Structure formats: structure tokens, C-alpha cells
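Participant: Before I ask anything, here is the structure I am working with.
Chains as they are written, first to last, in the numbering used here: chain A, 11 to 244; chain B, 48 to 305.
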């Protein structure tokens with residue numbers, strides 16, 4: 011109990027004193043996860059929408075695989091990206107291993123299937139309602155995709171939130187490809203893992219509270235924006 | 048629906064001289080059959096839809112009215128038989144038809160943007176698009192709500208936006224599938240006024256209804272369907288005064304058809 015109290019106190023001290031090291035870690039965490047989610051949205055949403063409209067043999071298998079990829083183990087993705095980016099790997103020349111860019115790539119790989127799968131479901135439901143009207147207007151598939159994504163924007167916020175949650179919370183992938191290097195690739199989750207293994211539980215728990223607070227704040231903001239927009243737009 | 052069926056817009060097709068100035072009508076259906084789930088929903092239906100008149104497809108629920116309209120518009124394909132327009136250029140055919148559904152499907156954007164979207168898809172350039180959007184909304188009595196989000200409008204207003212969208216496309220043929228089925232009398236009157244105005248503009252109207260009153264008000268000719276078959280195709284005055292078949296007599300008399 012006193013440990014929890016200490017942790018809360020530490021967290022409070024860290025946040026109120028605007029501790030530089032903490033700020034650095036938080037900013038890097040946000041930068042990496044938001045970049046990864048942005049990348050995943052750019053790739054996953056059109057992909058999910060295309061899969062929602064397309065009909066081809068083997069589509070069912072692809073949908074199942076995509077849904078399964080929502081549960082990709084972060085350490086496996088981390089290992090895969092590590093192998094790709096390591097000196098001996100096919101992309102070793104780029105020298106990206108143990109950089110924030112590598113962490114963005116790994117998280118984007120984790121988040122893209124989540125965004126794509128949830129988008130596929132949302133757009134498919136919407137398309138069932140819109141199909142005949144779009145067909146009647148002569149809307150081609152290439153135009154239908156952005157139209158359906160835009161009209162599904164309120165529901166798609168949930169997909170973004172799910173992706174953001176995944177990116178902010180995972181530790182397995184970023185610790186492997188980032189290496190948890192102080193001032194370079196140290197993010198909240200890797201710091202928590204490190205401080206815990208060093209036995210410095212108070213700081214770890216304090217950071218944990220900051221992380222939770224951030225995730226809740228981001229979710230709340232997006233949900234508020236979503237419900238306000240839904241009320242005025244119908 | 049396969050993606051291939053959603054036709055991508057191609058380069059503008061130059062009208063063939065033979066078709067220049069000539070509308071897509073008449074539309075000729077020959078021995079059309081439509082089956083789904085092992086059931087024959089439209090059977091051996093032959094019909095010629097000519098230009099000029101307001102054609103009302105009448106019949107009880109489940110008669111196949113909506114299916115007939117969808118077959119004509121090309122949203123579904125017949126299992127057997129043929130559906131032929133006077134013009135055989137598919138691109139032009141699509142541009143010359145519009146369809147208003149029973150439940151209007153409006154995009155999550157303003158009423159005006161909904162109309163503009165349809166025009167953009169049809170390849171109407173910007174300045175001309177703005178002019179047509181304004182004109183269509185005005186004609187449908189919607190100018191005052193042009194900038195309101197379409198999804199928060201009332202059911203009647205939404206259906207009028209759908210009609211304005213169809214009008215702006217300047218079709219030669221307008222299909223309407225029970226356009227007032229879920230609306231109150233005032234909204235119905237507003238919709239019927241727009242339909243009449245379009246008809247006066249020279250647009251061929253083909254609409255379905257199960258509402259006898261609406262058929263009497265709107266129809267020049269009646270296509271009476273029952274259980275997927277064409278029972279009568281007659282001038283509206285004649286149809287209501289002297290229905291030729293027992294089914295039509297019962298329907299006009301207000302009896303419930305089995």
C-alpha cells in the first residue's frame with residue numbers, strides 16, 4: 011500500500027515539476043505512437059475500404075487473416091523488424107536499427123491490421139446501405155472508397171482509438187528495435203520495464219500513471235470531438 | 048456486388064450521330080424473368096415504356112414493383128429475357144437516368160454538397176455545377192436549408208434533397224420507387240409537386256406506388272403488377288374506370304389481394 015502511495019507521490023512530483031527527463035520520454039512516446047498511427051491510417055484505411063468493396067476468390071480467407079493480424083504479438087513483430095533492419099538484414103544499409111524511425115515502423119506494422127480490419131467492417135456495413143445509390147450515380151470503386159471513408163468518419167474514430175491504444179501500450183516491439191537507449195529511444199513503456207527490472211518500482215508506477223492518464227485524455231478528447239460532430243452532422 | 052460491376056468512369060464518349068438528339072426511350076422489356084433464392088419474383092414480363100407520359104407501376108406489396116424498376120435501371124440483371132433501350136451506349140444511358148429510392152440515401156454532408164457530389168461524379172464542371180445545385184435546390188423548395196447537414200433533415204426534406212439531386216443530373220428518365228411511402232400528407236404533396244414539375248420539364252417519370260390515391264393523382268398510364276406478373280398495362284383513366292381483369296378490379300375497389 012505504501013508502495014502505491016509512494017508511486018502516486020512520485021508521479022505527482024514528476025508531473026508537477028515538469029521533470030525534463032520525464033517530458034523527453036513522454037514527448038518521444040507520443041511522437042512515435044502518433045506517427046505510427048498516422049502511417050497506419052494512411053495505409054490501413056484505404057486497404058480496409060478496398061477489401062470491403064472487392065469481391066474475389068479467397069477474399070474470405072484474407073478477411074480472416076486480417077482480423078487475426080489484429081492480435082500480432084509485439085515481440086514477434088519487433089523481432090521481424092529487427093531482422094530486417096539489422097546490419098546483416100535486407101534493409102541494414104539504411105542504418106535504422108535502434109532509432110525512433112525503427113520504432114515507428116514496428117508500431118505501424120502492429121497498428122495497420124487493426125485499423126484495416128475495423129475499417130473493413132465499418133465500410134462494409136456502410137456500403138450495404140449506399141451500394142445501390144452509388145451504383146445509380148455511376149460512382150466507380152476508386153471514388154467510392156474515399157466517399158465511404160468520409161461518410162464513416164465518426165465510426166472510424168473508434169478504429170483510430172483502438173490503434174492508438176495498441177501503439178501507446180505495447181513494449182515488446184519498441185524495446186527490441188529501439189533498444190531502450192537513454193535520450194534516444196527510451197519511451198514510457200520501455201522505461202517502465204527497465205525501472206521495474208532495476209527494482210525502482212515507484213518511478214515505474216509513476217510513469218505508469220502518466221501513461222494511463224495520457225491514454226485516457228486522448229480517448230476522451232477524440233470521443234468528445236466525435237459526439238459533438240455527430241450531433242451537428244447527424 | 049463485384050467491383051467490376053461498379054463501372055469506373057471512362058473518357059467521355061462522343062455521341063454517335065445516329066443517336067444525337069434522340070432520347071433513350073422507348074424501353075422494351077421482353078419475357079423478363081428474375082429469380083432469387085429459387086423463387087420466381089418476376090415472371091414472363093413484357094412491357095414497352097414510351098416517352099412522354101407518367102407511368103405508374105401499381106400493385107400490392109410483394110408484386111415485384113421495386114424489382115421491375117431496378118431491372119429497368121440496371122441495378123440488377125434479369126435471369127432471362129431482354130431489357131433494351133433505344134440507345135445502346137451504356138455511358139450515355141447511365142447519364143440519362145436517375146433513380147430515387149424509397150429510403151433516401153444521403154451522404155454525411157450538406158444538402159447542397161449532396162447534389163454537387165452527384166454532379167461531380169457525372170463530370171459536370173465547377174461553375175456549371177454550382178449553378179445547377181442552386182437551381183435544383185430552389186426548384187425543390189430547399190434553398191433555405193442548402194447548407195444544413197443532410198442527415199439531420201426531416202424525412203420529407205431528405206427525400207426532396209434526393210429528388211433535387213436527381214433533377215440536377217438533368218435525366219431524360221427518372222425512376223422513383225415508392226418515393227412517399229414513409230411520409231405524411233404534407234411531405235407527400237411537396238414531393239408530388241416536384242415530380243409534376245420535372246414531368247412538365249420533359250422528364251419521363253416511372254414511379255411505383257401501392258397507394259391508389261397517388262396513382263390516381265400522378266399517373267398517365269398504369270402498369271399493374273401482381274405476384275411478379277404484368278396483369279394490365281393501360282391508360283390511367285381507363286384503368287380506374289374499367290379495370291379489365293379481376294385482380295385489377297379487386298385492387299381498384301380496395302379489396303386486399305391474396
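For glycine and all other residues, C-beta sits at the position ideal for the given N, C-alpha and C. Keep in mind that this is a model prediction, so the values were computed, not measured.
Please report the residue range of the alpha helix (DSSP H) in which residue 298 of chain B lies.
Facilitator: In the second chain, counting from the first residue as 1, residue 298 of chain B sits at position 251. Here the alpha helix (DSSP H) through residue 298 of chain B covers 293–299.
Participant: Which residues, in chain order, does the segment 143–167 of chain A contribute to contact with chain B at a C-beta distance below 9 Å?
Facilitator: From the segment 143–167 of chain A, only 143, 144, 145, 146, 147, 148, 149, 150, 151, 152, 153, 154, 157, 160, 161, 162, 163 and 164 have a Cβ closer than 9 Å to chain B.
Participant: Using the Cβ count rule (16 or more neighbours within 10 Å means buried), how would you classify residue 146 of chain A?
Facilitator: Looking up residue 146 of chain A in the first chain gives position 136. Answer is buried; the Cβ neighbour count reaches 16.
Participant: Using a beta-carbon distance below 9 Å, is residue 244 of chain A in contact with chain B?
Facilitator: In the first chain, counting from the first residue as 1, residue 244 of chain A sits at position 234. Closer than 9 Å: yes.
Participant: Report yes if the C-beta distance between residue 116 of chain B and residue 98 of chain B is below 9 Å; otherwise report no.
Facilitator: Start at 1 with the first residue of the second chain, and residue 116 of chain B comes out as number 69. Start at 1 with the first residue of the second chain, and residue 98 of chain B comes out as number 51. Not closer than 9 Å, so no.
Participant: Would you call the segment 170–180 of chain A and the segment 225–243 of chain A in contact, with 3 or more CB pairs under 8 Å?
Facilitator: Cβ pair count under 8 Å is three or more, so yes.
Participant: Using a beta-carbon distance below 9 Å, is residue 134 of chain A in contact with chain B?
Facilitator: Translated into the one-based positions of the first chain, residue 134 of chain A becomes position 124. No, residue 134 of chain A lies away from the interface with chain B (no Cβ there is under 9 Å from its Cβ).
Participant: Between the Cα of residue 248 of chain B and those of B/173, B/126, B/219 and B/289, spot the shortest distance and give me the residue it belongs to.
Facilitator: Translated into positions along the second chain, residue 248 of chain B becomes position 201. The shortest C-alpha separation from residue 248 of chain B is found at B/219.
Participant: What residues match up with residue 276 of chain B in a beta bridge as DSSP calls it?
Facilitator: By 1-based counting over the second chain, the position of residue 276 of chain B is 229. Paired residues: B/273.
Participant: Measure the C-alpha to C-alpha separation of residue 68 of chain B and residue 213 of chain B and round it to an integer number of angstroms.
Facilitator: Start at 1 with the first residue of the second chain, and residue 68 of chain B comes out as number 21. Start at 1 with the first residue of the second chain, and residue 213 of chain B comes out as number 166. Summary for residue 68 of chain B: the model assigns pLDDT 45, below 50, so the residue's position carries little reliability, and this model does not support an answer.
Participant: Drop a sphere of 10 angstroms on the beta-carbon of residue 28 of chain A, count the other beta-carbons inside from all chains shown, and report buried for 16 or more, exposed for fewer.
Facilitator: Within the first chain, the letter at position 18 stands for residue 28 of chain A. Exposed is the call here.
Participant: With DSSP collapsed to three states, give me the class of residue 208 of chain A.
Facilitator: Taking the first chain and counting its residues from 1, one reaches residue 208 of chain A at position 198. Coil, per DSSP.
Participant: Give me the residue from A/104, A/117, A/139 and A/198 with the minimum Cα distance to residue 224 of chain A.
Facilitator: The residue labelled residue 224 of chain A in the question sits at position 214 within the first chain. Out of A/104, A/117, A/139 and A/198, A/198 has the C-alpha closest to the C-alpha of residue 224 of chain A.
Participant: Please list the partners that residue 198 of chain B has in chain A, where partner means a Cβ-to-Cβ separation under 9 Å.
Facilitator: Taking the second chain and counting its residues from 1, one reaches residue 198 of chain B at position 151. Those within 9 Å of residue 198 of chain B in chain A are 243 and 244.
Participant: To the nearest angstrom, how far is the alpha carbon of residue 26 of chain A from that of residue 77 of chain A?
Facilitator: Position 16 of the first chain, counted from the start, is the residue given in the question as residue 26 of chain A. Position 67 of the first chain, counted from the start, is the residue given in the question as residue 77 of chain A. Taking the straight line joining both Cα atoms gives about 42 Å.
Participant: Cα separation between residue 194 of chain B and residue 181 of chain A?
Facilitator: Locating residue 194 of chain B in the second chain gives position 147, where the first residue counts as 1. Locating residue 181 of chain A in the first chain gives position 171, where the first residue counts as 1. Roughly 47 Å between the two C-alpha positions.
Participant: Span of the beta strand (DSSP E) holding residue 307 of chain B?
Facilitator: Residue 307 of chain B cannot be examined here, being either before or after the span of chain B that is shown, 48 to 305.
Participant: My output table needs one value for residue 268 of chain B: the three-state DSSP class, helix, strand or coil.
Facilitator: Residue mapping note: residue 268 of chain B aligns to position 221 of the second chain, counting from 1. It is a strand residue.
Participant: For a test of the three-state rule: what should DSSP assign to residue 92 of chain B, helix, strand or coil?
Facilitator: As a first step, residue 92 of chain B must be located in the second chain, where it is residue number 45. Strand at residue 92 of chain B.
Participant: Going along chain B in order, which residues have a C-beta closer than 9 Å to the C-beta of residue 140 of chain A?
Facilitator: Here residue 140 of chain A refers to the residue found at position 130 when the first chain is read from its first residue. What residue 140 of chain A touches in chain B: 152 and 154.
Participant: Would a check of beta-carbon distances place residue 165 of chain B closer than 9 Å to chain A?
Facilitator: Taking the second chain and counting its residues from 1, one reaches residue 165 of chain B at position 118. Chain A, which has a Cβ nearer than 9 Å to the Cβ of residue 165 of chain B, makes this yes.
Participant: Looking only at its chain, what residues have a beta carbon closer than 6 Å to the beta carbon of residue 244 of chain A, apart from the 5 residues adjacent to it on each side?
Facilitator: Sequence index remark: in the first chain, residue 244 of chain A carries index 234 (1-based). There are no such residues.
Participant: Just how far apart, CA to CA, sit residue 163 of chain A and residue 121 of chain A?
Facilitator: In the first chain, residue 163 of chain A corresponds to position 153, counting from 1. In the first chain, residue 121 of chain A corresponds to position 111, counting from 1. C-alpha separation (whole angstroms): 18 Å.
Participant: 9 Å is my cut-off, CB to CB: does residue 142 of chain B come that close to chain A?
Facilitator: Along the second chain, read from residue 1 onward, the residue named residue 142 of chain B stands at position 95. True, the Cβ-Cβ gap to chain A drops below 9 Å.
Participant: Check the C-beta distance from residue 7 of chain B over to residue 241 of chain B and give it rounded, since I have them as a contact under 8 Å.
Facilitator: The requested residue 7 of chain B does not occur in the structure, where chain B is confined to residues 48 to 305.
Participant: How about the segment 77–85 of chain B and the segment 121–138 of chain B: do they share at least three Cβ pairs that are nearer than 8 Å?
Facilitator: Verdict: yes, contact present.
Participant: Under 6 Å Cβ to Cβ from residue 18 of chain A, same chain only, skipping five residues before and after it: list those, please.
Facilitator: The count along the first chain starts at 1 and reaches residue 18 of chain A at position 8. Within the same chain, residue 18 of chain A has no close Cβ partners at all.
Participant: Roughly how far, in whole angstroms, is the beta-carbon of residue 198 of chain B from the beta-carbon of residue 239 of chain B, given that I think they are within contact range, below 8 Å?
Facilitator: Residue 198 of chain B sits at position 151 when you count from the first residue of the second chain. Residue 239 of chain B sits at position 192 when you count from the first residue of the second chain. The Cβ separation is near 24 Å, so there is no contact.
Participant: Count the other C-beta atoms from every protein chain shown that fall within 10 angstroms of the C-beta of residue 123 of chain A, then say buried if there are 16 or more, exposed otherwise.
Facilitator: Position 113 of the first chain, counting from 1, holds the residue named residue 123 of chain A. Per the 10 Å Cβ criterion, buried.
Participant: Let me make sure I understand the geometry here. Which of A/49, A/59 and A/65 has the alpha-carbon closest to that of residue 127 of chain A?
Facilitator: Reading the first chain from its first residue, position 117 is the one you call residue 127 of chain A. The shortest Cα separation from residue 127 of chain A among A/49, A/59 and A/65 belongs to A/59.
Participant: When DSSP labels each residue in this structure, what does residue 76 of chain B get in the three-state scheme?
Facilitator: Position 29 of the second chain, counted from the start, is the residue given in the question as residue 76 of chain B. Residue state, collapsed to three classes: strand.
Participant: Taking C-beta pairs closer than 8 Å, name the residues in chain A that residue 168 of chain B reaches, listed in chain order.
Facilitator: For the purposes of this step, residue 168 of chain B is identified with residue 121 of the second chain, where counting begins at 1. Neighbours of residue 168 of chain B on chain A, chain order: 147, 148, 149 and 153.
Participant: Measuring only the C-alpha atoms, how far is residue 93 of chain B from residue 279 of chain B?
Facilitator: What you label residue 93 of chain B is simply residue 46 of the second chain in a count that begins at 1. What you label residue 279 of chain B is simply residue 232 of the second chain in a count that begins at 1. The straight-line gap from Cα to Cα measures roughly 11 Å.
Participant: Measure the CB-CB distance between residue 87 of chain A and residue 116 of chain A and report whether it falls below 9 Å.
Facilitator: Taking the first residue of the first chain as 1, we reach residue 87 of chain A at position 77. Taking the first residue of the first chain as 1, we reach residue 116 of chain A at position 106. Yes. Within cutoff.
Participant: Within 9 Å of any Cβ in chain A, is that where the Cβ of residue 303 of chain B sits?
Facilitator: Within the second chain, the letter at position 256 stands for residue 303 of chain B. Output row for residue 303 of chain B: interface = no.
Participant: Unbroken beta strand (DSSP E) runs of length 3 or more, entirely within the segment 229–267 of chain B: which are they?
Facilitator: Fully enclosed beta strand (DSSP E) runs of 3 or longer: 251–256.
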